[in-house]
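Here the structure comes first, spelled out in structure tokens, and everything after it is commentary.
Number of protein chains: 4
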Amino acid sequence: MQKESTYQKVASHEAIKGEFHKCLLLYSGGLDTSVMLTWIQENYACEVVALTIDIGQTADNLESIKQKALNLGAKEAIVYDAKDEFADILLVEAIKANADYQGGYALSTPLGRVMISKVATKIAQQYGCEVIAHGCTGKGNDQVRFEGYLTTLNPKIKTIAPVREWSMGRQEEIEYAEKHGIPVKQKKDRPYSYDENMWGNTGEGGEIEDPKLIPPLKNILQWCKLPEESPDQEEIIEIEFCQGVPISLNGQKMKLSELIMRCNTLGGLHGVGVFHLIEDRIVGLKVRGVYENPGASILISAHKKLEQLVSTREENELKSFIDNKWAYLTYGAKWYDPVMYHIHAYTNNQNKKVTGKVKIKLFKGNITVVALESPYSLFNADLATFEKNATFNQNASAGFIEIYNLAQKTAFNVYNFEDELFKN
Amino acid sequence: MQKESTYQKVASHEAIKGEFHKCLLLYSGGLDTSVMLTWIQENYACEVVALTIDIGQTADNLESIKQKALNLGAKEAIVYDAKDEFADILLVEAIKANADYQGGYALSTPLGRVMISKVATKIAQQYGCEVIAHGCTGKGNDQVRFEGYLTTLNPKIKTIAPVREWSMGRQEEIEYAEKHGIPVKQKKDRPYSYDENMWGNTGEGGEIEDPKLIPPLKNILQWCKLPEESPDQEEIIEIEFCQGVPISLNGQKMKLSELIMRCNTLGGLHGVGVFHLIEDRIVGLKVRGVYENPGASILISAHKKLEQLVSTREENELKSFIDNKWAYLTYGAKWYDPVMYHIHAYTNNQNKKVTGKVKIKLFKGNITVVALESPYSLFNADLATFEKNATFNQNASAGFIEIYNLAQKTAFNVYNFEDELFKN
Amino acid sequence: MQKESTYQKVASHEAIKGEFHKCLLLYSGGLDTSVMLTWIQENYACEVVALTIDIGQTADNLESIKQKALNLGAKEAIVYDAKDEFADILLVEAIKANADYQGGYALSTPLGRVMISKVATKIAQQYGCEVIAHGCTGKGNDQVRFEGYLTTLNPKIKTIAPVREWSMGRQEEIEYAEKHGIPVKQKKDRPYSYDENMWGNTGEGGEIEDPKLIPPLKNILQWCKLPEESPDQEEIIEIEFCQGVPISLNGQKMKLSELIMRCNTLGGLHGVGVFHLIEDRIVGLKVRGVYENPGASILISAHKKLEQLVSTREENELKSFIDNKWAYLTYGAKWYDPVMYHIHAYTNNQNKKVTGKVKIKLFKGNITVVALESPYSLFNADLATFEKNATFNQNASAGFIEIYNLAQKTAFNVYNFEDELFKN
Amino acid sequence: MQKESTYQKVASHEAIKGEFHKCLLLYSGGLDTSVMLTWIQENYACEVVALTIDIGQTADNLESIKQKALNLGAKEAIVYDAKDEFADILLVEAIKANADYQGGYALSTPLGRVMISKVATKIAQQYGCEVIAHGCTGKGNDQVRFEGYLTTLNPKIKTIAPVREWSMGRQEEIEYAEKHGIPVKQKKDRPYSYDENMWGNTGEGGEIEDPKLIPPLKNILQWCKLPEESPDQEEIIEIEFCQGVPISLNGQKMKLSELIMRCNTLGGLHGVGVFHLIEDRIVGLKVRGVYENPGASILISAHKKLEQLVSTREENELKSFIDNKWAYLTYGAKWYDPVMYHIHAYTNNQNKKVTGKVKIKLFKGNITVVALESPYSLFNADLATFEKNATFNQNASAGFIEIYNLAQKTAFNVYNFEDELFKN
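Chains as they are written, first to last, in my numbering: chain P, 37 to 460; chain V, 37 to 460; chain S, 37 to 460; chain H, 37 to 460.
Structure below.
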């Protein structure tokens with residue numbers, strides 16, 4: 037049944053049969069990784085430890101996944117709760133950097149891959165696994181992230197990427213599963229694949245992929261209502277930030293992971309944070325995805341406005357650049373390149389003053405920051421008011437303008453690009 | 037009645053009484069510039085030519101403005117239709133640069149100021165005016181733009197800024213107007229001031245200014261319905277672009293100025309393109325404004341997605357930076373700094389391939405680009421598909437990852453910032 | 037003798053006669069500030085405290101300056117040694133940021149202005165001076181730096197800029213000096229003005245200004261020999277860095293201020309670190325200056341290479357941008373804009389690993405970094421060697437290239453700008 | 037003799053034995069490509085066309101190379117003179133972009149690779165070659181450039197990289213050569229490998245590689261004298277630019293390729309343009325190279341200063357960023373990514389005004405631009421002079437400073453990072 041693969045091992049981090057005894061499998065409980073659990077034992081003649089990491093994915097019943105792994109022959113099956121680590125170590129950075137890749141994508145999957153790699157490295161060491169297996173294909177971003185991060189965190193670790201290696205299509209996988217007694221629960225009507233954690237849910241495949249088609253959101257969305265089906269009544273919420281980190285929701289202090297998940301619920305109800313994005317993959321492909329990140333969108337909208345309020349024009353202009361760089365690097369599997377630590381030093385320093393309260397209106401897909409206050413606000417009513425008693429010294433303006441404009445005036449009158457333009 | 041001003045002429049471009057005979061006044065027909073029309077004649081003992089430029093402001097009856105100017109003693113009153121110049125010369129650049137200052141502001145006022153300065157320079161020359169008067173205050177951006185651009189375009193021109201010069205507050209202005217027979221039409225209930233052209237309508241003043249207050253949009257908005265009051269039925273429109281420029285709406289070719297104004301109507305109906313922005317003024321102040329730019333938001337949303345579709349990851353990352361720079365410079369009164377011409381050369385070159393059709397859904401404040409097609413689309417179904425017959429060569433991936441990740445792995449294992457971080 | 041000034045007070049930070057009693061004068065002992073010492077007493081009817089700050093200028097005899105101030109009627113005359121503060125607080129940042137404005141200028145004057153402003157603010161408070169006077173003209177950068185920093189550090193402070201205010205040219209100043217018994221020591225043959233501290237010596241004026249003329253360096257230079265006159269024998273020195281900061285010279289540990297001054301001597305002997313620069317002033321002018329910063333050039337050359345050695349390609353590319361931004365902001369009188377603190381957080385983080393030894397050859401104007409070593413070096417002999425036993429996995433290369441190039445290949449074959457180019 | 041290679045074909049652009057009949061070999065005449073000429077015929081059973089491209093390398097006798105190729109069995113041997121194309125199409129862009137990768141490297145090799153790829157693509161088509169072979173190793177940049185560019189310019193072309201494929205070290209190559217009657221001319225004393233064209237000569241290998249060692253330049257340099265051995269007499273030359281392109285040397289008009297080669301001679305004599313660079317390779321390695329680019333250094337030094345003279349502060353700041361981006365992309369094998377065309381549009385636009393004459397002093401390793409003139413110079417003697425009759429309006433300064441500094445002052449007094457800093 038299984039056709040011969042053309043796959044050849046060329047990377048020195050790829051594990052070779054016979055050279056190891058124990059493999060840690062990043063196990064989700066789905067068809068791919070379940071087939072993998074059996075396939076690795078069969079093809080690599082090694083023990084498999086199944087690791088399932090909880091970073092806030094809502095769809096999974098973690099206990100039954102564990103049981104399923106054991107049923108399929110896993111030597112051990114581990115469920116690891118990384119929700120707070122994920123929020124407190126990684127998502128805080130995403131908030132401070134106003135995470136946004138190419139227009140609305142808060143980078144849930146790239147950030148999730150960092151977390152999973154961190155935990156997997158630790159668990160592999162604890163359980164004596166020389167090899168880590170992941171379920172990514174050979175044309176996506178996630179193979180780059182997993183193999184990159186795992187070998188960075190532990191250069192001795194080897195990896196297996198069975199999907200890249202075997203020659204099974206979806207149909208062959210199902211046949212393989214049936215033959216090996218692996219439970220198959222096909223969702224024929226939804227040809228989409230999802231990746232989910234508390235920071236967002238990304239959908240790919242089917243009509244989503246091709247930009248020419250209008251994606252049938254009603255069938256695609258898992259977290260968010262359509263604006264059309266969301267409440268007719270607006271909801272105004274208040275989020276308090278301390279040094280860039282959200283610490284309370286509607287006056288109630290709570291830990292970040294919980295605050296994010298509550299914002300997902302609120303935002304999902306009002307249909308906010310849904311984006312279609314034709315994204316540029318690391319491997320040079322362009323594909324459209326549908327992203328639901330309601331909580332992330334709310335928190336980042338609020339954070340960004342508050343940050344602008346307490347920052348100067350110089351700060352705001354440079355921060356846009358830094359944030360964009362952060363997003364491209366995070367997406368691009370460069371989380372552990374030292375440049376990221378310097379960017380984090382930058383954003384953390386600016387965020388020291390991002391403290392205050394933000395009121396946000398949610399209504400049928402719209403997130404509107406309607407009011408903000410901060411002890412470090414640079415809005416100065418005395419300076420800004422149109423009233424006559426303002427402290428702003430208008431006498432200074434004419435002199436300012438003369439000098440501010442001097443270079444422009446000089447240059448324009450020495451070489452006139454405008455004339456140049458209309459000459460042609 | 038008029039208190040002594042503390043204003044002193046310090047800039048060499050400020051006109052001095054007795055040194056000129058004819059002044060061109062940028063005349064809007066409102067209270068400020070109407071008082072000015074009289075005040076300049078009185079204080080500078082000169083003739084005044086009133087110039088009113090049509091760049092798509094909806095509120096004005098241009099003929100009655102002209103008549104009003106003549107009634108107030110203007111030597112001449114000119115109405116100049118610059119709608120097509122504005123769209124075809126300036127707004128095309130805004131679209132190509134995905135105009136966005138600090139989050140949603142399409143820069144209608146800064147762009148309007150460029151247009152007005154261009155026309156005023158020409159008209160001043162035609163009518164022999166040695167001086168141009170504008171109605172801006174001494175704490176805003178527009179004085180910087182007008183005086184900067186006017187003296188750049190013609191270094192011999194002098195300017196007057198009566199509002200900066202006189203010592204009248206709003207109440208004194210009204211008294212002055214009544215005393216001099218200038219019609220006063222006060223909108224007591226709306227303490228807001230507006231600036232309007234086809235690219236957007238900006239509201240300032242009153243509760244809008246202070247970020248702590250929730251602005252009463254219902255009273256403020258002039259162009260857009262609130263999402264709450266907009267139709268319950270979505271509307272899908274299609275815009276076609278050729279080399280970055282919108283050329284048709286729903287299949288109907290039309291000139292750009294018209295297309296923009298139609299999009300304003302459509303977008304206004306669905307309540308899209310409304311932003312509160314706490315913006316950083318050139319003069320160092322922070323003030324909140326409310327911006328309505330429904331047409332601009334629709335066109336820029338569509339343009340940006342189409343541009344992303346036809347551009348590589350390298351192009352998309354650098355374009356974000358270039359666009360942000362463009363926005364800061366445009367806002368910052370640097371339109372004629374030569375750097376802008378190079379930026380335009382850059383954006384125009386990239387836009388050569390921004391050709392195609394974009395479908396946009398409008399619904400209760402939401403603009404969603406739902407489908408795109410372009411002859412230059414970089415989406416390649418054969419490469420991207422999950423199907424087995426894809427042309428993407430997955431065998432290359434492992435080698436790619438090894439080398440792509442080499443520097444990160446090397447650096448992380450030579451100096452570990454992660455350890456450093458958790459040491460503290 | 038003194039003509040009527042056209043100067044008018046327009047800035048709210050300008051001190052007004054009669055509104056203060058005690059003025060701190062930034063006193064250098066030269067003609068300008070000596071005339072000022074008398075002129076302020078005469079024109080503002082106030083007491084003057086003279087402050088002379090030692091930041092490593094070599095030309096001055098500080099004790100005689102102090103005595104001169106007292107002779108001219110200063111209420112108090114203070115000499116403040118800020119050499120170590122200057123090196124340890126400010127110049128470390130300059131080294132970490134590879135200080136370079138527009139090609140070789142290590143920013144000695146802008147950094148000196150920060151230091152002087154810091155000290156002056158403190159001394160003014162100690163001595164109860166409500167006003168600070170500086171000797172800058174109205175067309176340079178330093179007025180912007182002094183008035184900006186002084187009012188930032190203490191918004192209540194007022195300033196006086198007598199040179200801007202009075203109407204004396206050089207000749208009138210001399211006459212004023214002679215009339216008031218102020219010693220005049222004219223250097224007729226050298227029409228240049230200098231600003232000096234341990235980080236560099238900048239010369240302006242005369243033939244230096246105009247780019248068309250070849251500046252007669254032999255007459256201009258004060259610190260550096262001409263390459264033509266420097267030793268025929270090279271000298272190789274070694275500098276050790278710890279976390280970005282130079283800590284020893286030729287194996288001898290010493291404090292930074294001393295190390296810098298020794299490098300000035302060494303570099304001056306070999307004629308290195310001399311630049312002509314046509315710089316863009318903050319006030320919109322372009323002027324050429326001649327800069328001697330031998331020590332700074334040596335240290336920055338060494339630092340930059342060491343930093344590159346321990347940094348990844350991503351780090352090196354972004355650092356160029358950050359450093360350039362740092363230089364423009366530092367030059368541009370924005371030291372206390374919060375954005376600088378974030379930039380410093382960035383550069384300090386990267387510099388944590390800039391540790392190691394650098395060998396530098398000095399010879400007739402050339403600084404050549406000839407060898408480097410660092411515990412954090414990213415040079416990896418095993419990876420890099422051409423020898424066959426290299427650990428670099430060449431098998432991965434072809435796969436890398438295929439994917440690395442995919443977007444370029446796709447884009448080029450969808451829209452061919454090359455054809456476009458040659459069509460025209 | 038020949039060991040079994042571990043090399044496996046993974047990239048879809050790698051040619052496979054039996055699938056093609058005619059191969060174009062990029063032939064230099066050296067040992068590697070001579071061995072290759074035989075080896076390809078032997079291993080791929082195909083005809084070989086040898087192509088040698090003249091882009092100004094000085095070491096080669098092109099006619100004897102051609103003869104050698106024919107002697108070794110080449111079906112055809114072509115010598116192609118691309119000197120003018122190289123200068124007029126590629127090097128003009130390098131000059132306009134002030135080509136500098138990581139400190140002094142004018143990118144001769146990366147630019148040469150573009151030229152060779154362009155010509156090879158054309159010749160391959162003319163001669164019906166389905167495959168192109170290059171002599172690069174599997175750990176360098178040039179494989180990435182060649183395979184990337186060749187497959188971009190013609191996606192149907194396949195490539196062979198014999199050095200990556202075979203398992204011969206240097207010794208085995210010599211044995212292979214001797215066995216096959218290939219002339220071997222070993223330079224035992226110089227263990228360096230060079231790549232040369234008119235834009236520079238790069239040396240690698242041996243002691244050059246390891247940053248800890250001082251490279252014995254006397255043995256390494258091929259183009260340049262050491263400063264120690266260069267003339268004791270300075271030489272002042274004048275270069276004239278028109279729109280960014282050098283058009284005459286010392287008053288004599290000449291074509292660019294000739295002008296560059298003359299500057300190489302002049303610069304080589306005076307020992308200028310020699311750099312050691314620890315560069316970041318595309319494949320993630322760090323290696324030191326020694327670069328001689330005397331002509332490039334002279335022309336870029338001159339161009340950069342002239343460009344600064346005619347450009348505003350805004351232009352100069354942004355150009356640094358653009359140029360750095362250009363250098364990283366050019367080095368990084370992205371010449372045909374569309375982003376480069378936009379960058380070229382940018383730099384070409386700015387260069388429209390880079391016209392004028394530049395005087396450069398050459399002396400013992402130093403390049404000093406001593407004087408410049410341009411019709412578009414922004415130096416304005418009337419504005420800049422210290423003399424009293426200057427047209428600069430000093431009255432405007434105080435007002436300028438107040439407003440220019442307002443945001444900094446406000447921000448510093450709202451959140452004091454300076455206190456924060458010294459608290460810790």
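Virtual Cβ for every residue (Gly too), placed ideally from N, Cα, C.
Under the Cβ distance rule, S/Pro191 does not count among the residues neighbouring chain P, no pair being separated by less than 8 Å. Per the C-alpha coordinates, the member of H/Asn190, H/His170, H/Gln138 positioned closest to H/Gly66 is H/His170. In this structure, S/Leu398 and S/Glu271 form a Cβ contact; the two beta carbons are roughly 5 Å apart against a cut-off of 8 Å.
Only residues of its own chain outside the window of five on either side were considered, and among them Ile314, Glu315, Asp316 have a CB closer than 8 Å to the CB of S/Lys322, listed in chain order. In the three-state reduction of the DSSP assignment, P/His312 falls in the strand class, which pools E and B.
In this structure, DSSP gives P/Cys172 a state outside helix and strand, which the three-state scheme calls coil. As a beta-bridge residue in DSSP terms, P/Asn237 pairs with P/Glu232, P/Glu328. Closest in C-alpha terms to P/Gly239, from the list P/Gly325, P/Lys248, P/Ile275, comes P/Gly325. Of the candidates P/Gln344, P/Glu274, P/Phe453, P/Lys388, the residue whose Cα lies closest to the Cα of H/Asp455 is P/Lys388. Residues of chain V with a Cβ closer than 8 Å to the Cβ of H/Ile439 are, in chain order, Val319, Gly320. Secondary structure in the region 238 to 288 of chain S: the beta strand (DSSP E) runs of 3 residues or longer, each lying completely within the stretch, are 271 to 278, 281 to 285 in chain order.
Annotated three-state conformation of P/Gly320 is coil, per DSSP.
Chain order gives no chain V residues near P/Pro219, where near means a beta carbon separation below 8 Å; the closest approach is about 22 Å. Taking 8 Å as the Cβ-Cβ cut-off, the region 385 to 409 of chain V approaches chain H at Asn385, Gln386, Lys389, given in chain order. Think of a sphere of 8 Å around the beta carbon of V/Val281: no beta carbon from chain H falls inside it, the nearest being about 17 Å out.
Under the DSSP definition of a beta bridge, H/Phe399 partners with H/Asn402. Within the DSSP secondary-structure output, H/Ala407 pairs in a beta bridge with H/Lys395. Per the coordinates, the alpha-carbon of P/Glu201 lies some 12 Å from the alpha-carbon of P/Lys175. At a cut-off of 8 Å between beta-carbon atoms, V/Lys132 makes no contact with chain H. Within the region 94 to 162 of chain P, the complete alpha helix (DSSP H) runs of at least 4 residues fall at 98 to 107, 128 to 132, 144 to 162. Beta-carbon to beta-carbon, H/Leu73 and H/Ile168 are separated by about 14 Å, too far to satisfy the 8 Å threshold.
Note on geometry: alpha-carbon atoms of S/Pro247 and H/Glu276 lie some 15 Å from one another. In chain order, Thr188, Pro191 make up the part of chain H whose C-beta sits under 8 Å from the C-beta of S/Asn449.
The Cβ of S/Pro247 sits no closer than 8 Å to any Cβ of chain P. In terms of Cα proximity to V/Ala130, the closest of V/Asp117, V/Glu121, V/Ser144, V/Gln179 is V/Ser144. In the three-state scheme derived from DSSP, where H, G and I count as helix and E and B as strand, H/Glu211 is classed as helix. Judged by DSSP in its simplified three-state form, P/Thr187 adopts helix.
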